[in-house]
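In the numbering used here, the protein residues as written are 3 to 219. Think of the CB as a built atom: it goes at the ideal place given N, C-alpha and C, for glycine as much as any other residue. Keep in mind the model is a prediction, meaning the values are calculated, not measured. Following: one structure in structure tokens, then a few remarks.
Here it is as structure tokens:
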């Protein structure tokens, strides 16, 4: 529509000429032309010019009208498009800022995590053998402590409990009490003591988590 309007109105503009120059239409006859003939000849010329002028003017005005009819709704749509585009640009900028911020935070977090993981894994693997030795020693100490308790309360505590005497079987009623104590001591020494409550759990080292691919910053 815009191209049609420009072409039609340009043709109309180009058609319009200086009236003074157009009125000086010269006769091709060799002798002077009577005034009446000159008027009639110019009348025919300008009549054709007037018809052409009106046609070109009408075409120009019609093209302008058609262009305006198309331009008004088009302009409204253009304004709406421009408004939506501004919103999209604003949201796009916000998305880019958020994505960049997220990528930086993920990168920093992954860096801290990997450093912490490597340090704690190395520390765990270094301390585990020492702790296992300490656990074994602690269980040995517990068994020794239970034997001492058995001796102090059952053998040297002034009386022997039934649990100890049942192992120290005396067939002879006149047996030496010292023999009974020796057998009770052996019973304390050979008694098994549960150390499950001292068991430690050594979980396997979990695999390092993969931070995954970071979004481009």
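Measuring only the C-alpha atoms, how far is residue i from residue j?
i           : j           : result
residue 60  : residue 77  : 25 Å
residue 117 : residue 126 : 14 Å
residue 206 : residue 130 : 11 Å
residue 165 : residue 149 : Model confidence at residue 165 stands at a pLDDT of 48, short of 50, so the residue's coordinates are unreliable and nothing is read from them.
residue 55  : residue 6   : 18 Å
residue 51  : residue 15  : 13 Å
residue 84  : residue 99  : 23 Å
residue 213 : residue 104 : 13 Å
residue 44  : residue 79  : 51 Å
residue 200 : residue 137 : 7 Å
residue 135 : residue 106 : 44 Å
residue 36  : residue 75  : 59 Å
residue 276 : residue 128 : An answer regarding residue 276 cannot be provided, because it is not within the stretch 3 to 219 covered by the chain.
residue 142 : residue 184 : 23 Å
residue 70  : residue 82  : 18 Å
residue 192 : residue 198 : 18 Å
residue 158 : residue 132 : 37 Å
What would DSSP say about residue i, mapped onto helix, strand or coil?
i           : result
residue 203 : coil
residue 193 : coil
residue 11  : helix
residue 75  : helix
residue 16  : helix
residue 35  : coil
residue 188 : helix
residue 48  : helix
residue 64  : helix
residue 213 : coil
Buried or exposed for residue i, going by 16 or more other Cβ atoms inside 10 Å?
i           : result
residue 111 : exposed
residue 152 : buried
residue 189 : buried
residue 102 : exposed
residue 62  : buried
residue 58  : buried
residue 210 : exposed
Rounded C-beta distance between residue i and residue j? I'm assuming under 8 Å.
i           : j           : result
residue 186 : residue 156 : 6 Å
residue 64  : residue 11  : Contact doesn't hold; Cβ gap of about 10 Å is too wide.
residue 140 : residue 195 : Not a contact, Cβ separation roughly 13 Å.
Minimum length 4: unbroken alpha helix (DSSP H) runs contained in the segment 81-143: Every candidate alpha helix (DSSP H) stretch fails here, since none sits fully inside the segment 81-143 while reaching 4 residues.
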